[in-house]
Each structure stands twice: as structure tokens, then as C-alpha cells.
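Novice:
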Amino acid sequence: MDRKYKIAGAAAAGAVAAGTAVRAALSKEKKESFEPLPPEKVDLERYRKNLSDAIKIKTIADKHPESTNWEVFDEFHAFLRERYPLFHEKLELTVINRGALCFLWKGKTGDGDPIALLAHQDVVPISEGTLDDWTHPPFDGVDDGEFIWGRGALDMKNHLIAVMESVETLLEEGFEPERDVYILLGHNEEVMCDNTDNGAVAMCEYLKEKGVRLDCIIDEGGAILPVNIKGVINKDLAGIGVAEKGYADIEVAVHAKGGHSSQAPNHTALGKLANVIRDIENHQFKTKMSPMLYELFDKIARNVSYPVKLVTCNLRLLVPALELALGYVPAAASMMRTTTGVTMASGSPQANVLPQRASVIVNFRIFPGQTVDDVIAHLKKAIRYKDVEINLLPGWKNPSAISPTDSRCFKALERICRGMNPNTIVAPYLVMGGTDACHYQDVCENIYRYSPFRVNTSLLMTTHGTNERIPVASLEEGVAFFKRYIKELSKA
Ligand SMILES: [Zn+2]
22 MDRKYKIAGA AAAGAVAAGT AVRAALSKEK KESFEPLPPE KVDLERYRKN LSDAIKIKTI
82 ADKHPESTNW EVFDEFHAFL RERYPLFHEK LELTVINRGA LCFLWKGKTG DGDPIALLAH
142 QDVVPISEGT LDDWTHPPFD GVDDGEFIWG RGALDMKNHL IAVMESVETL LEEGFEPERD
202 VYILLGHNEE VMCDNTDNGA VAMCEYLKEK GVRLDCIIDE GGAILPVNIK GVINKDLAGI
262 GVAEKGYADI EVAVHAKGGH SSQAPNHTAL GKLANVIRDI ENHQFKTKMS PMLYELFDKI
322 ARNVSYPVKL VTCNLRLLVP ALELALGYVP AAASMMRTTT GVTMASGSPQ ANVLPQRASV
382 IVNFRIFPGQ TVDDVIAHLK KAIRYKDVEI NLLPGWKNPS AISPTDSRCF KALERICRGM
442 NPNTIVAPYL VMGGTDACHY QDVCENIYRY SPFRVNTSLL MTTHGTNERI PVASLEEGVA
502 FFKRYIKELS KA
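Take the sequence shown: its letter number 78 is residue 99 in my numbering, and every next letter is one higher.
#1: Please confirm if the stretch 465-477 is in contact with the stretch 359-374, defined as three or more CB-CB distances below 8 angstroms between the two stretches.
#2: Just to check, is the beta-carbon of Met177 closer than 7 angstroms to a non-hydrogen atom of ligand 1?
#3: To the nearest angstrom, how far is it from the Cα of Phe474 to the Cα of Ser495?
#4: Determine the closest residue to Asn477 out of Ala140, Thr89, Ile491, with distance taken between C-alpha atoms.
#5: Which value, in whole angstroms, describes the spacing of the CA atoms of Asn219 and Tyr327?
#6: In the DSSP output, what is Tyr203 paired with across the bridge?
#7: Restricting to Cα atoms, I'd like to know which of Glu197, Ile76, Leu181, Asn384 is closest to Gly207.
#8: Express the C-alpha separation of Ile397 and Leu413 in angstroms, rounding to a whole number.
#9: Identify whether Gly243 lies in helix, strand or coil by the three-state DSSP scheme.
#10: Buried or exposed: Pro376, going by 16 or more other Cβ atoms within 10 Å of its Cβ?
#11: Measuring straight from C-alpha to C-alpha, what distance separates Ala422 and Phe388?
#12: Apply the 10 Å Cβ neighbour rule to Ala259 and answer buried if 16 or more other Cβ atoms are within range, or exposed otherwise.
#13: Which residue comes first and which comes last in the beta strand (DSSP E) that contains Lys256?
#14: Under a Cβ-count criterion, where at least 16 other Cβ atoms within 10 Å of its own Cβ denotes burial, should Leu7 be classed as buried or exposed?
#15: Please confirm whether any heavy atom of ligand 1 lies closer than 7 angstroms to the CB of Glu489.
#16: Leaving out the 5 sequence neighbours to the left and right, which residues in its chain are closer than 7 angstroms to Asn324 when beta-carbon positions are compared?
#17: In whole angstroms, what separates the C-alpha of Pro341 from that of Leu191?
#18: Is any heavy atom of ligand 1 found at a distance shorter than 7 angstroms from the C-beta of Glu265?
#19: Could you compute how far the alpha carbon of Val464 sits from the alpha carbon of Gly416?
#20: Is the beta carbon of His514 within less than 7 angstroms of some heavy atom of ligand 1?
#21: My understanding is that Thr360 touches Ala354, with C-beta atoms under 8 angstroms, so please give their C-beta distance in whole angstroms.
#22: On the three-state DSSP scale, how would you describe Met357?
#23: Nearest to Cys438 by alpha carbon, out of Asp153, Phe502, Ser511?
#24: Compare the Cα-Cα distances from Ala290 to each of Ala277, Asn296, Glu344, Asp300 and report the closest residue.
#25: Are the CB atoms of Leu510 and Cys237 within a distance shorter than 8 angstroms?
#26: For Ile250, which residues does DSSP report across the bridge?
#27: Helix, strand or coil for Lys229, going by three-state DSSP, please let me know.
#28: Strictly by DSSP, which residues pair up with Asp270?
#29: Would you report the Cα separation of Ala45 and Asp176, rounded to the nearest angstrom?
#30: Taking Trp170 as part of the alpha helix (DSSP H), name the residues at either end of that continuous run.
#31: Since Thr130 and Ala433 should fall inside the 8 angstroms C-beta cutoff, what is the C-beta to C-beta distance between them, to a whole number of angstroms?
#32: Can you tell me whether DSSP reads Ala46 as helix, strand or coil?
Spelled out as C-alpha cells, the structure:
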């Protein structure tokens with residue numbers, strides 16, 4: 022390089038470094054005052070007992086209503102009635118689709134659009150052959166003092182019972198909301214059923230018929246995660262899910278003549294399919310830093326300690342490098358693009374039979390902004406072999422809209438989380454799985470997915486898995502959060 026350019030380069034580098042240092046010094050979490058909140062009364066013993074007993078009722082739904090064991094849902098409803106008498110006395114109940122419970126808590130003034138708190142009553146079954154791996158049986162609701170164990174402890178009887186507790190306690194304290202408050206408890210969130218059978222879809226239809234628009238919704242989603250890297254950051258991250266990914270299973274199949282395997286051609290249907298799979302995998306969707314992910318990174322970057330901040334405060338400059346690098350880390354890439362997972366393959370029914378049809382299922386988790394149609398178009402373009410069959414399988418859904426982070430509700434969430442614990446970063450994120458909340462988009466723009474329980478990542482991994490459990494220490498905060506949420510958001 023020419024000396025002149027070297028000097029100019031050095032000067033530019035010096036200027037950037039100086040700028041970086043200044044920016045790092047300035048780049049603090051925006052100083053907003055979050056008043057510490059006064060303590061909330063929580064009946065922790067009652068909550069523990071009721072959560073533990075709720076887990077004992079095996080509320081597993083089936084995708085066909087006629088195969089659902091309604092007795093357990095009746096039992097669960099009777100249990101809620103018995104444990105939460107004031108709740109059932111003061112709130113108006115409409116049962117929808119046999120199992121979904123739509124409670125309305127009439128507001129004093131009725132001014133302002135109603136708010137809604139969502140939860141689902143159903144849980145997933147345990148995987149076959151895993152019963153013996155459980156430390157405590159999955160439907161015994163064991164409370165060993167440290168954890169409450171069992172299916173639904175995290176997903177999401179903890180959340181549902183915390184909502185019940187918060188309303189019951191607020192009623193005991195004589196609280197009256199100004200706006201209407203809906204408590205909407207779906208009964209088949211965990212199963213892929215027809216839309217008409219889905220409790221959440223039916224409850225949304227019911228609200229639409231009544232002409233109800235909701236100001237905001239809170240449902241399951243993010244949790245409070247400790248983020249602790251020695252010398253860099255030590256914070257609690259409250260992730261508020263502002264959107265969820267779409268879902269599609271697409272079958273891709275190729276055909277061939279078949280016949281006896283003793284006279285096999287160079288490439289059977291499976292051989293041709295192998296090329297198709299390579300085309301699909303070699304044409305991954307592009308990773309892109311979305312505004313919500315940028316906001317998440319930015320909030321974390323503002324909270325790291327000084328030497329690291331020299332790098333992170335230049336987030337905007339780092340975006341192209343991050344997009345590229347994170348594309349190679351599956352967990353990170355999933356936050357930045359539509360993911361492609363080739364899963365179930367099938368060929369011929371027997372070892373000595375050439376396949377006449379070979380197929381794979383490709384599972385896509387679709388990034389907000391794209392649709393199932395975009396995914397199909399992408400597949401058609403990526404696959405060079407044109408004699409393929411592409412079939413969209415039932416159970417697909419487009420991604421949700423993205424809820425704003427400057428709404429009344431998001432700001433209140435931030436105020437409450439920070440008010441309860443000033444060491445919290447509140448940031449938006451993209452939910453990878455599905456929730457009932459996405460079915461309410463026709464009646465609400467401000468949909469947030471957040472479970473106010475402090476858990477670590479390894480515990481979160483027990484969701485839908487073995488030894489699902491929740492720390493007893495996280496429970497009180499959960500109820501206190503919902504009490505504050507209702508008090509704050511039900512103001513007219
Ligand atoms: Zn769930």
C-alpha cells in the first residue's frame with residue numbers, strides 16, 4: 022500500500038478508535054427512572070399447593086375433540102372453581118368449544134379497550150419410554166421445597182395458576198379494574214387441530230362477534246434469564262416475545278420406475294432425492310438482522326463492561342459481520358432467518374424393492390415478514406431437478422405480525438420488570454415455538470409473550486421434556502408481577 026494511504030488509514034483508524042471510546046463512554050442504558058415498586062401481598066403457600074394439585078390433573082388434549090378425555094378438563098374446571106371462589110363469583114364465564122374458558126372481569130368505568138391475560142390448560146404427554154427417567158412422577162406434582170415437579174410446571178400451569186392467584190388476591194384486596202379484563206384459558210394449544218376446534222381461535226371469534234377489540238394481550242413466552250459472563254455482564258434478561266415464527270412441513274417427493282433391487286439403476290428414486298436434498302440444504306434462507314433482534318443486541322451491548330463495550334457500542338458497524346457469522350451458529354441463525362430442517366425420509370417398503378416414490382419432509386420455521394407461499398417459491402427455485410412433487414402438509418401457519426415496543430403495554434412491562442428488579446434488561450425477542458396468542462391478531466395489535474418466572478436455560482430445556490420443574494423461589498415474583506400488570510394495564 023502507498024505510504025500516503027497508510028498515513029491516511031492510520032489517521033482514520035485513530036479517529037474511529039477515538040470515536041469508539043467516546044461512544045462507549047456515552048453508550049449506557051438510557052437513564053430512565055424506574056421507581057422501585059412497593060411489595061405486593063402474595064399467598065405463596067396457597068399458590069404452591071394449587072400449582073402442585075393442578076399438575077396432578079392430566080389435562081392432555083387430543084387433536085380430535087371426540088377423542089379428548091373431557092372428564093379431566095371438567096375436573097380441572099371444578100378444581101379452579103373450588104380453589105378460586107371469589108374469581109368465579111365476580112368474573113363472568115363463557116365456556117367455548119367445550120373446554121376453553123373465557124372469563125370477563127367487568128371494569129368500573131369500561132373506558133378504554135379491554136386487556137387480556139392468556140394461558141392454556143393443556144399439557145403435552147410424556148414421551149414413550151421416559152417415565153422411569155423422571156426423578157418424581159410427572160403427574161404427582163411433587164413439591165420438594167426447592168422445586169415443584171411435573172408436566173406443566175413450566176408450560177404452563179405455573180403461569181395459569183399465577184394469573185388465577187393474582188386475580189383472586191386482587192379481589193380479596195377489594196381491587197376493581199377500570200377497563201374490562203379478560204382471562205382466556207385455551208384447552209388445546211399443544212395439539213395441531215383444525216382451526217374450528219381450536220379453543221383460542223374460537224375465543225377470538227367470540228370476541229369479534231361481540232365487537233371487542235383488545236388493547237393488549239400477555240401470554241406465555243419469554244422468561245427472566247440470568248445473563249452472567251464474568252467481568253462482562255451480570256444482569257437478568259426479561260425477554261418479551263413480540264412475534265412468533267410461522268411453521269410449515271413440506272413433503273418433497275421424486276418418482277422412479279421401481280422394480281427388483283437385483284437390477285438396480287445407477288440412481289434410484291432415493292439417489293435422485295439425495296440431490297434434491299443437497300439443493301435444499303445448499304440454499305438456506307439469508308440471515309438478516311431484524312429491528313427486534315437489533316434492539317435485543319443493543320440493550321445487551323449497553324450493559325456490558327467497559328473493554329468489551331469498545332466493540333459492542335459499534336453494533337451498527339458490526340451488523341454485516343454478525344449476519345454472516347451468526348449464520349453458522351444454528352441457535353443464533355434461527356433468530357435471523359427462516360430455518361430449513363430436512364427430517365423424515367422414506368423410500369421403498371422393503372430392502373430388496375426399488376422405491377417407486379422417495380420422499381422427505383422439510384420442516385420450515387418461517388421468519389416474520391415471509392409467508393408459506395414464499396417458502397414454496399424458494400423451494401421451487403432451489404431444486405434443480407424439476408420432476409418433483411411439493412406438498413404442503415396440514416398444520417402450517419404464517420408467522421405473526423411484530424408487536425410494537427413503544428406501546429402503552431410494552432412500556433408498562435418495562436416499568437414493572439425494572440421496578441421489581443432494577444438489574445433487569447427488558448428486551449424484545451422472537452419466539453421460536455407457537456403460542457395461542459397468535460390467534461388473536463384480528464382483535465389486538467399489542468401481543469406480548471412473557472412468563473415472569475426466573476429460571477435458567479437448563480431448566481427451560483425441561484419444557485416438554487423429562488423432569489420439567491419450576492424453582493419454588495421463582496413463584497412469588499410471578500404472582501406479584503401479574504398483580505402489578507393488572508393494576509397498571511387495567512387503568513382507563
Ligand atoms: Zn405452552
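Backbone N, C-alpha and C define an ideal beta-carbon position, used for all residues, glycine too.
Quick caveat, the model's predicted, so the values are computed rather than measured.
Specialist: With the given structure in hand:
#1: no
#2: Indexing the sequence shown from 1 puts residue 177 at position 156. Yes; taking the cut-off as 7 angstroms, the Cβ of Met177 has a heavy atom of ligand 1 nearer than that.
#3: As a first step, residue 474 is located in the sequence shown; it is residue number 453 there, counting from the start. As a first step, residue 495 is located in the sequence shown; it is residue number 474 there, counting from the start. Approximately 5 angstroms, taken between the alpha carbons.
#4: Residue numbering aside, residue 477 sits at position 456 when the sequence shown is read from its first letter. Selected option, being the one with the closest Cα: Ile491.
#5: As a first step, residue 219 must be located in the sequence shown, where it is residue number 198. As a first step, residue 327 must be located in the sequence shown, where it is residue number 306. Going from the Cα of Asn219 to the Cα of Tyr327 covers about 50 angstroms.
#6: Here residue 203 corresponds to residue number 182 of the sequence shown, with the count starting at 1. Looking at the DSSP assignment, Tyr203 forms a beta bridge with Leu125, Ala137.
#7: The count along the sequence shown starts at 1 and reaches residue 207 at position 186. That would be Leu181, whose Cα lies nearest to the Cα of Gly207.
#8: Here residue 413 corresponds to residue number 392 of the sequence shown, with the count starting at 1. Here residue 397 corresponds to residue number 376 of the sequence shown, with the count starting at 1. Leu413 and Ile397: Cα-Cα distance of roughly 8 angstroms.
#9: What you label residue 243 is simply residue 222 of the sequence shown in a count that begins at 1. Three-state result, Gly243: strand.
#10: Here residue 376 refers to the residue found at position 355 when the sequence shown is read from its first residue. Buried, by the Cβ-count rule.
#11: What you label residue 422 is simply residue 401 of the sequence shown in a count that begins at 1. What you label residue 388 is simply residue 367 of the sequence shown in a count that begins at 1. Each residue's Cα considered, the two are about 10 angstroms apart.
#12: What you label residue 259 is simply residue 238 of the sequence shown in a count that begins at 1. Buried.
#13: Locating residue 256 in the sequence shown gives position 235, counting from the first residue. Residues 254-265.
#14: The displayed coordinates of the chain run from 22 to 513. Any statement about residue 7 would go beyond what the structure contains.
#15: Translated into the one-based positions of the sequence shown, residue 489 becomes position 468. Not under cutoff, so the answer is no.
#16: Numbered from its first residue, the sequence shown carries residue 324 at position 303. Only Glu50, Ile254, Lys256, Ile446 meet the Cβ criterion.
#17: In the sequence shown, the residue the question calls residue 341 occupies position 320. In the sequence shown, the residue the question calls residue 191 occupies position 170. Going from the Cα of Pro341 to the Cα of Leu191 covers about 49 angstroms.
#18: Indexing the sequence shown from 1 puts residue 265 at position 244. Answer for Glu265: no, Cβ out of range of ligand 1.
#19: Against the sequence shown, residue 464 aligns to sequence position 443. Against the sequence shown, residue 416 aligns to sequence position 395. Those two C-alpha atoms are separated by around 22 angstroms.
#20: The requested residue 514 is not part of the displayed model; the chain covers only 22 to 513.
#21: Looking up residue 360 in the sequence shown gives position 339. Looking up residue 354 in the sequence shown gives position 333. About 7 angstroms; that satisfies the 8 angstroms criterion.
#22: In the sequence shown, counting from the first residue as 1, residue 357 sits at position 336. Three-state DSSP puts Met357 in coil, outside helix and strand.
#23: As a position in the sequence shown, residue 438 is number 417, starting the count at 1. Ranking the options by Cα distance to Cys438, first place goes to Phe502.
#24: Numbered from 1 along the sequence shown, position 269 holds the residue referred to as residue 290. For Ala290, the nearest C-alpha among the options comes from Ala277.
#25: Mapped onto the sequence shown, residue 237 falls at position 216. Mapped onto the sequence shown, residue 510 falls at position 489. Result yes, Cβ atoms of Cys237 and Leu510 sit closer than 8 angstroms.
#26: Indexing the sequence shown from 1 puts residue 250 at position 229. Ile254, per the DSSP bridge assignment.
#27: Translated into the one-based positions of the sequence shown, residue 229 becomes position 208. Here Lys229 sits in helix by DSSP.
#28: As a first step, residue 270 is located in the sequence shown; it is residue number 249 there, counting from the start. Partner(s): Asn384.
#29: Start at 1 with the first residue of the sequence shown, and residue 45 comes out as number 24. Start at 1 with the first residue of the sequence shown, and residue 176 comes out as number 155. Caution is warranted here: a pLDDT of 47 is assigned to Ala45, below 50, making its placement in the model unreliable, and no coordinate value can be reported.
#30: To locate residue 170, count along the sequence shown from 1; it is residue 149. Here Trp170 belongs to no alpha helix (DSSP H); instead the beta strand (DSSP E) covers 168-170.
#31: For the purposes of this step, residue 130 is taken as the residue at position 109 of the sequence shown. For the purposes of this step, residue 433 is taken as the residue at position 412 of the sequence shown. Actually they are not in contact, since the Cβ atoms of Thr130 and Ala433 sit about 18 angstroms apart, beyond 8 angstroms.
#32: For this step, residue 46 is matched to residue 25 along the sequence shown. Unreliable positioning characterises Ala46 in this predicted model, as indicated by a pLDDT of 45, which lies under 50. A coordinate reading is not provided.
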